[in-house]
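Note that the protein sequences, when read in sequence, are chains R and S.
In terms of full-length UniProt numbering, the first sequence is residues 1 to 170.
In terms of full-length UniProt numbering, the second sequence is residues 1 to 442.
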Amino acid sequence: MNKTVRVTLAALLCVGAVACHKKQEVKQPVQPPVQQTVDNSGNNTNGKYQPSDLDTDACLRQRVVYFDFDKNEVKPEFQQIVACHAKYLQDRPSSAISLEGNTDERGTREYNLGLGERRGNAVSSALQAAGGSAGQLNVVSYGKEKPTCREHNDDCWSKNRRVEIVYTAK
Amino acid sequence: MNQPMRRTISRLAILVSLVAAFVAGPVAAQSLNVEIANGLKTATPIAVVPFAQQGGAPLPTDVADVIRADFNRSGKFRSLDKADIVEAPSKGADIKFATWRLLKQDYLTIGRIADAGGGMIRVEYELWDVNRQQSLLAQSFTAPSGDLRGVAHQIADQIYEKITGVRGAFWTRIAYVTAVGVSNNTTYSLIVADSDGFNPQVVARSRESLLSPAWSPDGSKLAYVSFESGNSAVYVQNIGTGSRSLIASHPKGINSAPAWSPDGSKLAVSLSYVGNPEIFIIDVASRTETRVTNNFAIDTEPTFTPDGQSLIFTSDRSGKPQLYQTSISGGNATRLTFQGGFNASPSLSFDGKQIAMVQGNGNVYRIAIMDRSLGNQVRFVSPGNVDDSPSFAPNASMLLYAASQGTRGVLYAVSADGLVRQRLVLSDGDVREPSWGPYRQR
Numbered sequence: 001m002n003k004t005v006r007v008t009l010a011a012l013l014c015v016g017a018v019a020c021h022k023k024q025e026v027k028q029p030v031q032p033p034v035q036q037t038v039d040n041s042g043n044n045t046n047g048k049y050q051p052s053d054l055d056t057d058a059c060l061r062q063r064v065v066y067f068d069f070d071k072n073e074v075k076p077e078f079q080q081i082v083a084c085h086a087k088y089l090q091d092r093p094s095s096a097i098s099l100e101g102n103t104d105e106r107g108t109r110e111y112n113l114g115l116g117e118r119r120g121n122a123v124s125s126a127l128q129a130a131g132g133s134a135g136q137l138n139v140v141s142y143g144k145e146k147p148t149c150r151e152h153n154d155d156c157w158s159k160n161r162r163v164e165i166v167y168t169a170k
Numbered sequence: 001m002n003q004p005m006r007r008t009i010s011r012l013a014i015l016v017s018l019v020a021a022f023v024a025g026p027v028a029a030q031s032l033n034v035e036i037a038n039g040l041k042t043a044t045p046i047a048v049v050p051f052a053q054q055g056g057a058p059l060p061t062d063v064a065d066v067i068r069a070d071f072n073r074s075g076k077f078r079s080l081d082k083a084d085i086v087e088a089p090s091k092g093a094d095i096k097f098a099t100w101r102l103l104k105q106d107y108l109t110i111g112r113i114a115d116a117g118g119g120m121i122r123v124e125y126e127l128w129d130v131n132r133q134q135s136l137l138a139q140s141f142t143a144p145s146g147d148l149r150g151v152a153h154q155i156a157d158q159i160y161e162k163i164t165g166v167r168g169a170f171w172t173r174i175a176y177v178t179a180v181g182v183s184n185n186t187t188y189s190l191i192v193a194d195s196d197g198f199n200p201q202v203v204a205r206s207r208e209s210l211l212s213p214a215w216s217p218d219g220s221k222l223a224y225v226s227f228e229s230g231n232s233a234v235y236v237q238n239i240g241t242g243s244r245s246l247i248a249s250h251p252k253g254i255n256s257a258p259a260w261s262p263d264g265s266k267l268a269v270s271l272s273y274v275g276n277p278e279i280f281i282i283d284v285a286s287r288t289e290t291r292v293t294n295n296f297a298i299d300t301e302p303t304f305t306p307d308g309q310s311l312i313f314t315s316d317r318s319g320k321p322q323l324y325q326t327s328i329s330g331g332n333a334t335r336l337t338f339q340g341g342f343n344a345s346p347s348l349s350f351d352g353k354q355i356a357m358v359q360g361n362g363n364v365y366r367i368a369i370m371d372r373s374l375g376n377q378v379r380f381v382s383p384g385n386v387d388d389s390p391s392f393a394p395n396a397s398m399l400l401y402a403a404s405q406g407t408r409g410v411l412y413a414v415s416a417d418g419l420v421r422q423r424l425v426l427s428d429g430d431v432r433e434p435s436w437g438p439y440r441q442r
């Protein structure tokens, strides 16, 4: 009985995994034509980002930076995201970003407000180092007040330790 | 059936009847649950006989039930189960002491309730020493019939003080925050209720997070943090009138962690507009800010010592969060905690001798109490794993704290020795950030 349930679960998980892969495979070929369209119609942009790129550009569409436990260093795999958002800030001096710092549930609410702010500040510094200006950046810490996941496990905690990049002006 | 077994069964019975009564009653949104964490060998046996009602309409509250629940929750008393109360004297002359000696009761409470006219009720009670056959207390209260629970808590307080020598804290209020709904559709409410969770009243509501409620020393106001503006800001709200004022709202950085000075004239807060969270003291009347800490670390969760001259706060200046003490005029801070990799959210007993805190070891966060009069010995009073926000009762006999059950927050009241734990549950949503209010004035 238990075995049957397990096998069924395993099968369901496999189907889920395959479905996910398929989705990614479908997505990737779609993106280049979109970028081409932008290139063709916007010859006068001189390689500068436009507000519409926030919805279409593969890099700009990524707005979350994740952190290791108890750490506030921006990991190398997020440097690319930082670079493209910094470029957007440079290309669009009237744009502004709010960096929302979040933590996992471990520890007290007030201390986590501090930790969330440290992470927000780390992303703010990285964006400034890559060309964004301080005046375009605001850090808000929510600590553990806005979890995206509510289970008590490592997987969930890793999803909650994050800074969200929110454009308050495009 | 042997004695302990019978006791366990009748305890179960009272638990079931309690739950049943609350589900059926007008406060259906609420239930209480007494959990005996360990033996109660040291608890004093006391019988509370149902109070005789002399005329008038049936009352909404069984006064004796409320007193019994208070005693059981305290960990100091073990009250005789209602089912085992075989006689119901309402006057001293009617007491057959042999019966209560046979039931192994040290103390006996009896009482009577009469209609005092104009919507008022008169409640008289007597406390007797069973072995000495001596009256210890005989008092009366006249109160609106809607305040019978308040009268019951005050009777429990007087009896508690008479027997233990410590002022009772049952007639007090608590504040906490509830979150109802999911993700973007969450409503946060700041609630004030009786110490046993009854009579919940909404003080403030927000679509954004509310946290860190702190009672003014006179119990008239709550300071708290709201994210309603998009960023954290500290407010003070009068509970009676609802009027509210903004105390700290720097657009840049955190404005959080309010704590009242013992005289109620100042609030210690954590502000990060200076670059990182630092402790400041704000004069409530003039809003003048005075900076206390100056350090690159996170300094937060300040609390005044009872003399008002020092602050105990959380800082990670040594790498991990630990508790420190500093003068309100600033200067060097002394580290207080050395056991455990994480110590935060201090709550002080009224005499400053005990510091309750959240202590984390690995992924387990529990409520610990450090006794400064016992060479800083630390004892745990909660089982974990994500326990938060300890708050001492004004007599330090009990604490409130937040815990988690599945993915939902719940509140516990625990005796300061950790032996008796009671859960307060709301029917829906998440409950967190408990804060125990001061003694009330009649």
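Note that CB positions come from ideal geometry on N, CA and C, so glycine has one too.
Original post:
Over what stretch of residues does the alpha helix (DSSP H) that includes residue 223 (chain S) continue unbroken?
Top reply: Taking the second sequence and counting its residues from 1, one reaches residue 223 (chain S) at position 223. Counting along the chain, residue 223 (chain S) falls outside any alpha helix (DSSP H), though it belongs to the beta strand (DSSP E) covering 221–226.
**OP:** Would you mind giving the Cβ-Cβ distance between residue 93 (chain S) and residue 120 (chain S), rounded to the nearest angstrom? I have them listed as a contact below 8 Å.
**Re:** Start at 1 with the first residue of the second sequence, and residue 93 (chain S) comes out as number 93. Start at 1 with the first residue of the second sequence, and residue 120 (chain S) comes out as number 120. Between residue 120 (chain S) and residue 93 (chain S) the Cβ distance is about 27 Å, and since that is not below 8 Å, they are no contact.
Original post:
Which stretch, first to last residue, makes up the beta strand (DSSP E) that contains residue 177 (chain S)?
Top reply: One-based indexing of the second sequence puts residue 177 (chain S) at position 177. Per DSSP, residue 177 (chain S) belongs to the beta strand (DSSP E) from 172–180.
**OP:** Would you mind working out which of S:332, S:203, S:49, S:54 sits nearest residue 295 (chain S), comparing C-alpha positions?
**Re:** By one-based count along the second sequence, residue 295 (chain S) stands at place 295. Ranking the options by Cα distance to residue 295 (chain S), first place goes to S:332.
Subject >> Reference residue 250 (chain S), options S:280, S:262, S:241, S:285, closest by Cα >> reply: Mapped onto the second sequence, residue 250 (chain S) falls at position 250. Here the closest residue by C-alpha is S:280.
**OP:** Could you give the DSSP three-state label for residue 136 (chain R): helix, strand or coil?
**Re:** Here residue 136 (chain R) is taken as the residue at index 136 of the first sequence, counted from 1. Helix, per DSSP.
Original post:
How many whole angstroms separate the CB atoms of residue 66 (chain S) and residue 149 (chain S), which I take to be in contact at a CB cut-off of 8 Å?
Top reply: Locating residue 66 (chain S) in the second sequence gives position 66, counting from the first residue. Locating residue 149 (chain S) in the second sequence gives position 149, counting from the first residue. With 8 Å as the limit, residue 66 (chain S) and residue 149 (chain S) qualify as a contact, their Cβ atoms being about 6 Å apart.
Subject >> CA-to-CA distance, residue 424 (chain S) to residue 30 (chain S), given in whole angstroms >> reply: The residue labelled residue 30 (chain S) in the question sits at position 30 within the second sequence. The residue labelled residue 424 (chain S) in the question sits at position 424 within the second sequence. Residue placement at residue 30 (chain S) is flagged as unreliable, the pLDDT there being 45, under the threshold of 50; the coordinate-derived value follows with that caveat. Cα-Cα distance, rounded: 8 Å.
Original post:
What's the C-alpha gap between residue 125 (chain R) and residue 366 (chain S)?
Top reply: Stepping through the first sequence from its first residue, residue 125 (chain R) is reached at position 125. Stepping through the second sequence from its first residue, residue 366 (chain S) is reached at position 366. Here the C-alpha atom of residue 125 (chain R) lies approximately 35 Å from the C-alpha atom of residue 366 (chain S).
**OP:** Quick one: using the 10 Å Cβ neighbour count with 16 as the cut-off for buried, is residue 116 (chain R) buried or exposed?
**Re:** Indexing the first sequence from 1 puts residue 116 (chain R) at position 116. Its Cβ being crowded by 16 or more others within 10 Å, residue 116 (chain R) is buried.
Subject >> residue 382 (chain S) to residue 418 (chain S) span [Cα, whole Å] >> reply: Along the second sequence, read from residue 1 onward, the residue named residue 382 (chain S) stands at position 382. Along the second sequence, read from residue 1 onward, the residue named residue 418 (chain S) stands at position 418. Their Cα atoms are separated by approximately 7 Å.
Subject >> Neighbour-count burial assignment, residue 354 (chain S), 16 or more Cβ in a 10 Å radius >> reply: Start at 1 with the first residue of the second sequence, and residue 354 (chain S) comes out as number 354. So residue 354 (chain S) counts as buried.
Subject >> Near-chain R residues of the region 371–397 of chain S - C-beta to any C-beta below 9 Å >> reply: Listed in sequence order: 385, 386, 388, 389.
**OP:** Going by CA-CA distance only, name the one from S:188, S:108, S:406, S:82 that's closest to residue 160 (chain S).
**Re:** For the purposes of this step, residue 160 (chain S) is taken as residue 160 along the second sequence, with counting starting at 1. Here the closest residue by C-alpha is S:108.
**OP:** Indicate whether at least one CB of chain S lies closer than 7 Å to the CB of residue 164 (chain R).
**Re:** Within the first sequence, numbered from 1, the residue matching residue 164 (chain R) stands at position 164. Not closer than 7 Å to any Cβ of chain S, the Cβ of residue 164 (chain R) fails to qualify, so no.
**OP:** Could you name the residues of the region 60–89 of chain R whose beta carbon sits closer than 9 Å to any beta carbon of chain S, in the order they occur along the chain?
**Re:** Per Cβ criterion, the list reads 70.
Original post:
Do you know whose CA, among S:300, S:328, S:90, lies nearest residue 310 (chain S)'s CA?
Top reply: The residue labelled residue 310 (chain S) in the question sits at position 310 within the second sequence. Out of S:300, S:328, S:90, S:328 has the C-alpha closest to the C-alpha of residue 310 (chain S).
**OP:** Identify whether residue 56 (chain R) lies in helix, strand or coil by the three-state DSSP scheme.
**Re:** Stepping through the first sequence from its first residue, residue 56 (chain R) is reached at position 56. Here residue 56 (chain R) sits in helix by DSSP.
Original post:
In three-state DSSP terms, what is residue 314 (chain S)?
Top reply: Counting from one through the second sequence, the residue named residue 314 (chain S) turns up at place 314. In this structure, residue 314 (chain S) counts as strand in the three-state DSSP scheme.
Original post:
What are the residues that DSSP puts in a beta bridge with residue 88 (chain S)?
Top reply: Residue 88 (chain S) sits at position 88 when you count from the first residue of the second sequence. Partner(s): none; residue 88 (chain S) has no beta bridge.
Original post:
Between residue 179 (chain S) and the rest of its own chain, which residues show a CB-CB distance below 6 Å, the 5 nearest in sequence each way excluded?
Top reply: Within the second sequence, the letter at position 179 stands for residue 179 (chain S). So the list reads 186, 188, 429, 430, once near-sequence residues are dropped.
Subject >> Minimum Cβ-Cβ distance from residue 168 (chain R) to chain S less than 7 Å >> reply: The residue labelled residue 168 (chain R) in the question sits at position 168 within the first sequence. Not an interface residue.
Original post:
Looking only at C-alpha atoms, which of S:221, S:208, S:236, S:435 sits nearest to residue 228 (chain S)?
Top reply: Looking up residue 228 (chain S) in the second sequence gives position 228. Here the closest residue by C-alpha is S:208.
**OP:** May I ask which residues mark the beginning and end of the alpha helix (DSSP H) holding residue 232 (chain S)?
**Re:** As a working note, residue 232 (chain S) is residue 232 in the second sequence. Run containing residue 232 (chain S): none; DSSP gives neither H nor E here.
Subject >> CB of residue 270 (chain S) within 7 Å of CB of residue 300 (chain S), strictly >> reply: Against the second sequence, residue 270 (chain S) aligns to sequence position 270. Against the second sequence, residue 300 (chain S) aligns to sequence position 300. With contacts defined by Cβ atoms closer than 7 Å, residue 270 (chain S) and residue 300 (chain S) form a contacting pair.
Original post:
Can you give, in chain order, each stretch of the alpha helix (DSSP H) that sits fully within the UniProt domain "OmpA-like" (54–170) of chain R and has at least 4 residues?
Top reply: 79–91, 109–129, 154–160
Subject >> Rounded distance between the beta-carbons of residue 131 (chain R) and residue 90 (chain R), thought under 8 Å >> reply: Position 90 of the first sequence, counted from the start, is the residue given in the question as residue 90 (chain R). Position 131 of the first sequence, counted from the start, is the residue given in the question as residue 131 (chain R). Yes, they are in contact, since the Cβ atoms of residue 90 (chain R) and residue 131 (chain R) sit about 5 Å apart, within 8 Å.
**OP:** For residue 342 (chain S), return the contacting residues in chain R, with the cut-off set at a CB-CB distance below 7 Å.
**Re:** If you number the second sequence from 1, residue 342 (chain S) lands on position 342. The answer, in chain order, is 107.
Original post:
Which bits of chain R does residue 257 (chain S) rub up against, with CB to CB less than 7 Å?
Top reply: Numbered from its first residue, the second sequence carries residue 257 (chain S) at position 257. The contacting residues are 110.
**OP:** List the residues of chain S whose Cβ lies closer than 7 Å to the Cβ of residue 174 (chain R), in chain order.
**Re:** Residue numbering for chain R in the displayed model covers 1 to 170; residue 174 (chain R) lies beyond these limits and cannot be assessed.
Original post:
Can you tell me the Cα-Cα spacing of residue 231 (chain S) and residue 79 (chain S), whole angstroms?
Top reply: Walking along the second sequence from the start, residue 231 (chain S) turns up at place 231. Walking along the second sequence from the start, residue 79 (chain S) turns up at place 79. So the two alpha carbons sit approximately 48 Å from each other.
Original post:
Whose Cβ in chain C lies nearer than 9 Å to the Cβ of residue 113 (chain R)?
Top reply: Annotation note: the requested chain C is absent from the structure, which comprises protein chains R and S.
Original post:
Does DSSP put residue 148 (chain S) in a helix, a strand or coil?
Top reply: Your numbering for residue 148 (chain S) matches position 148 in the second sequence. It is helical.
Subject >> Cβ-Cβ separation, residue 246 (chain S) to residue 233 (chain S) (assumed contact under 8 Å), whole Å >> reply: By 1-based counting over the second sequence, the position of residue 233 (chain S) is 233. By 1-based counting over the second sequence, the position of residue 246 (chain S) is 246. With a Cβ gap of about 6 Å, residue 233 (chain S) and residue 246 (chain S) count as contacting.
**OP:** Return the residue from the list R:140, R:150, R:154, R:160 that minimises the CA-CA distance to residue 255 (chain S).
**Re:** Working through the second sequence from its first residue, we reach residue 255 (chain S) at position 255. Selected option, being the one with the closest Cα: R:140.
Subject >> 4-residue-minimum alpha helix (DSSP H) runs that sit fully inside the UniProt domain "TolB N-terminal" (32–136) of chain S, ordered along the chain >> reply: DSSP runs (the alpha helix (DSSP H)) wholly in the UniProt domain "TolB N-terminal" (32–136) of chain S: 63–74, 97–102.
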